[in-house]
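Below you'll find the structure, written out as structure tokens, and then a few comments.
Have a look at this one:
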């Protein structure tokens with residue numbers, strides 16, 4: 253697959269994750285694969301309390317993924333989450349110089365166990381909730397890989413927001429339609445001209461949600 257197809261594949265898996273109990277386990281490999289990473293961890297933090305509500309990861313054991321939660325609650329991820337504001341994808345080396353990171357407690361106690369050093373990070377935010385996405389790799393991330401992650405960040409944020417709204421209550425079908433009615437699906441932006449077929453696909457990346465919700469949902473989406 254070329255870059256555009258890889259991004260579209262990851263976006264589809266992100267929206268699939270909204271409706272499946274173990275959706276993140278399927279979505280994260282596609283996302284980290286799109287940026288050529290080795291492993292990844294996704295954290296959901298309540299900004300009001302500081303508590304990490306969930307963790308999900310791929311490429312290492314659940315125990316290693318879980319270790320990121322207390323590190324986040326203790327503020328060790330703050331440089332990445334607060335560096336340039338929400339929804340901005342960054343390579344870790346831009347935020348913290350490699351020589352300083354190599355001596356940090358966060359690296360030596362948490363990251364080192366993953367067998368990686370570099371990261372591509374983003375902090376999508378919704379209301380009082382922050383979602384930290386960290387793609388870990390053995391090699392530093394280049395400009396194209398960061399641009400790819402930046403393309404995915406708004407879709408990651410949307411999928412997380414809708415997933416949370418679905419989980420906040422025992423929603424009736426009518427309630428689900430109400431949530432979906434207010435869903436704003438970000439469009440993909442291609443740096444190079446793409447085929448008409450791909451452009452059509454990019455205009456409706458939430459196809460799996462549309463199929464599940466019913467035929468009228470397509471009329472309710474407002475990009």
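Numbering (my numbering), first residue to last: 253 to 475. Don't be surprised by glycine CBs; every beta carbon is placed ideally from N, CA and C.
{"query": "Per-residue burial, residue 352 [other beta carbons within 10 Å of its own, 16 or more giving buried]", "result": "exposed"}
{"query": "Exposed unless 16 or more other CB atoms sit within 10 angstroms - verdict on residue 307", "result": "buried"}
{"query": "Cβ shell of residue 415 (< 8 Å), same chain only, five flanking positions each side left out", "result": "269, 270, 275"}
{"query": "Chain-order list of residues whose beta-carbon lies under 6 Å from that of residue 287 (same chain, five-residue window excluded)", "result": "372, 387, 397, 400, 401"}
{"query": "Assigned exposure category for residue 301 - 16 Cβ within 10 Å defines buried", "result": "exposed"}
{"query": "Residue 413, buried or exposed, once every other Cβ within 10 Å from all chains shown has been counted against 16", "result": "buried"}
{"query": "Per DSSP, the bridge partner or partners of residue 310", "result": "292"}
{"query": "One or two residues paired with residue 343 in a DSSP bridge", "result": "372"}
{"query": "Limits of the unbroken alpha helix (DSSP H) element including residue 258", "result": "255-268"}
{"query": "For residue 361, the first and last residue of its enclosing alpha helix (DSSP H)", "result": "357-361"}
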